[in-house]
């Protein structure tokens, strides 16, 4: 909503991903549980979400122009460097124990999420560029994550 210039904070809070996260946090905090039939239904729906997102991502990748790949590689490397650097600094600042420090740094070195593409598409941002970032950051993470582990361990 920020990039596209449309929408408001209310629209963001009403986004299904945000509502589900808030509801999950509330349930966890209160110790509530959903009835078994509802839990099973939600699990089945959740299992189909990622394959559907990957199909839509594939459609966007088919439209991706080869001349934009260099930009997505550069942005993916920049994202990894900034995120790992910030996590490294935060871990040192808070003097995290080695396991928590490693988990923090590895968590932020993961690739761009597929849901970013869907949100970019929904809010009118450059969804083709985001699709390229999802793919290139995923491919680059094959090398980035092991290198990060070498420095962490």
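Residue numbers (the numbering used here): 1 to 153.
All C-beta atoms, glycine included, are put in the ideal place defined by N, C-alpha and C.
Indicate, with yes or no, if the ligand MG has a heavy atom lying under 7 Å from the CB of residue i.
{"i": "residue 61", "result": "In the structure on display, the ligand MG does not appear, and there are no ligands present to speak of."}
Where does residue i fall in DSSP's three states?
{"i": "residue 21", "result": "helix"}
{"i": "residue 101", "result": "helix"}
{"i": "residue 35", "result": "coil"}
{"i": "residue 109", "result": "coil"}
{"i": "residue 27", "result": "helix"}
{"i": "residue 131", "result": "helix"}
{"i": "residue 8", "result": "coil"}
Hey, residue i and residue j are a contact pair by Cβ (cut 8 Å); roughly how many whole angstroms apart?
{"i": "residue 76", "j": "residue 109", "result": "Wrong, their Cβ atoms sit about 11 Å apart, outside the cutoff."}
{"i": "residue 79", "j": "residue 137", "result": "7 Å"}
Just to confirm my understanding: we take residue i, look at its own chain, exclude 5 residues before and 5 after, and list those with CB closer than 7 Å. What are they?
{"i": "residue 132", "result": "64, 68, 69 and 72"}
{"i": "residue 122", "result": "none"}
Below 8 Å CB to CB, which residues in the same chain sit around residue i once its five sequence neighbours on both sides are set aside?
{"i": "residue 106", "result": "145, 148, 149 and 152"}
Buried or exposed for residue i, please, with buried defined as at least 16 other CB atoms from any protein chain shown within 10 angstroms of its CB.
{"i": "residue 111", "result": "buried"}
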